[in-house]
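Under full-length UniProt numbering, the sequence shown has 73 at position 73, and the numbering climbs by one with no breaks.
Have a look at the structure below, then the notes.
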Amino acid sequence: MNYIYLLINLAVIFFPLVLSFDKKVHFFGKWKFVLPAILLTGIVFLIWDLLFVKLNVWSFNPDYITGFKLAGLPIEEILFFLTVPYACIFIYECLNAYFPANTLQKYSLALSNLFLGLCIAILFFGYSRWYTLINFGFLFLVLMYVEYVNVEFRFMYKFYRAYLVSLIPFYVVNGFLTAIPVVIYSDKEILGMRVGTIPFEDHFYLMSLLLMNVFLYEWFKGRAVK
Numbered sequence: 001m002n003y004i005y006l007l008i009n010l011a012v013i014f015f016p017l018v019l020s021f022d023k024k025v026h027f028f029g030k031w032k033f034v035l036p037a038i039l040l041t042g043i044v045f046l047i048w049d050l051l052f053v054k055l056n057v058w059s060f061n062p063d064y065i066t067g068f069k070l071a072g073l074p075i076e077e078i079l080f081f082l083t084v085p086y087a088c089i090f091i092y093e094c095l096n097a098y099f100p101a102n103t104l105q106k107y108s109l110a111l112s113n114l115f116l117g118l119c120i121a122i123l124f125f126g127y128s129r130w131y132t133l134i135n136f137g138f139l140f141l142v143l144m145y146v147e148y149v150n151v152e153f154r155f156m157y158k159f160y161r162a163y164l165v166s167l168i169p170f171y172v173v174n175g176f177l178t179a180i181p182v183v184i185y186s187d188k189e190i191l192g193m194r195v196g197t198i199p200f201e202d203h204f205y206l207m208s209l210l211l212m213n214v215f216l217y218e219w220f221k222g223r224a225v226k
């Protein structure tokens, strides 16, 4: 039972890793951009994770982790920031390769503005809760930067499509993590709205995690072209 979180991590990355050698996507050839994006994003989110453990925003059920820790975090939680971003960037690249036509292009700015407005509204009502405050505050800053400061390359229309598709495995993985539960949330630090057992905030945690990874991935690719 104490290998559950580790097995979930392995399941998340198994198919994306095996299929990375698909000739059309040629994902393994992009590892030199994927890995630094995951590393830099992982540092930010691991600091965030450590802070949340200290603030008792969430904790890890000892019955479902191996007990090996690094810097106070279960090794499985550290692996999470490798396996999930890898799988999500893989989804992003597969969609771009197999479905290059994307009708979201003309709606992406409107979607970003909608999410920016949602961030402001939720921060207004939920600023007293740590997870809500940091989660939506961080998403607001990243979205603002990507849409209104970054002018070198535009990718949000591709990002939103990948995010929507990533929600499918998200519900499976986070459903297990929160239903068993492997990760235990403090009700005092979340809004209290859930989709099944998944806190509402987790949907936007995924968005922040994926957005930062994809932005850095595209940035590293752009640097290589230049």
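Just so it is clear, CB atoms sit at the ideal spot from N, CA and C, and this is done for glycine as well.
Bridge partners of lysine 69 according to DSSP: Pro74.
Selection Arg223, Glu218, Glu201 evaluated against valine 57 yields Glu201 as nearest (Cα-Cα). Every beta strand (DSSP E) stretch that sits fully inside the segment 50–131 and reaches 3 residues is listed by chain position as 58–60. With fewer than 16 other CB atoms across the displayed protein chains lying within 10 angstroms of its CB, valine 18 is exposed. Our two residues, asparagine 174 and arginine 223, have alpha carbons roughly 34 Å apart in a direct line. One Cα belongs to tyrosine 205, the other to asparagine 135, and the distance between them is close to 6 Å. For the pair phenylalanine 220 and phenylalanine 33, the CB atoms are nearer than the 7 Å cut-off. Phenylalanine 68 is classed as exposed because its beta carbon has fewer than 16 other beta carbons within 10 Å across all chains shown. Apart from sequence neighbours up to five positions away, the residues of its chain that approach leucine 79 with a beta-carbon distance below 6 Å are Asn9, ordered along the chain. The beta carbon of serine 20 sits closer than 6 Å to those of Phe27, Phe28, all from its chain and outside the five residues before and after it, given in chain order.
Membership of tyrosine 160 in the alpha helix (DSSP H) is indicated by the continuous run 156–179.
The segment 107–120 makes no contact with the segment 180–194; the number of CB pairs closer than 8 Å stays below 3.
If you draw a straight line from the Cα of tyrosine 127 to the Cα of leucine 133, it is about 5 Å long. Taking one beta carbon from each stretch, the segment 86–104 and the segment 160–170 have 3 or more pairs nearer than 8 Å; the two touch. Rounded to whole angstroms, the gap between the alpha carbons of phenylalanine 153 and glycine 196 is 37 Å. Counting the other Cβ atoms within 10 Å of the Cβ of phenylalanine 14 gives fewer than 16, which makes it exposed.
In the assembly as shown, asparagine 213 is a buried residue. Its beta-carbon has 16 or more other beta-carbons within 10 Å. In terms of CA proximity to proline 85, Leu167 leads the group Leu167, Thr103, Asn2. A direct Cα-to-Cα measurement between leucine 143 and serine 112 gives close to 7 Å.
DSSP links isoleucine 198 through a beta bridge to Val195. For valine 18, there is no enclosing beta strand (DSSP E); the enclosing alpha helix (DSSP H) covers residues 4–18.
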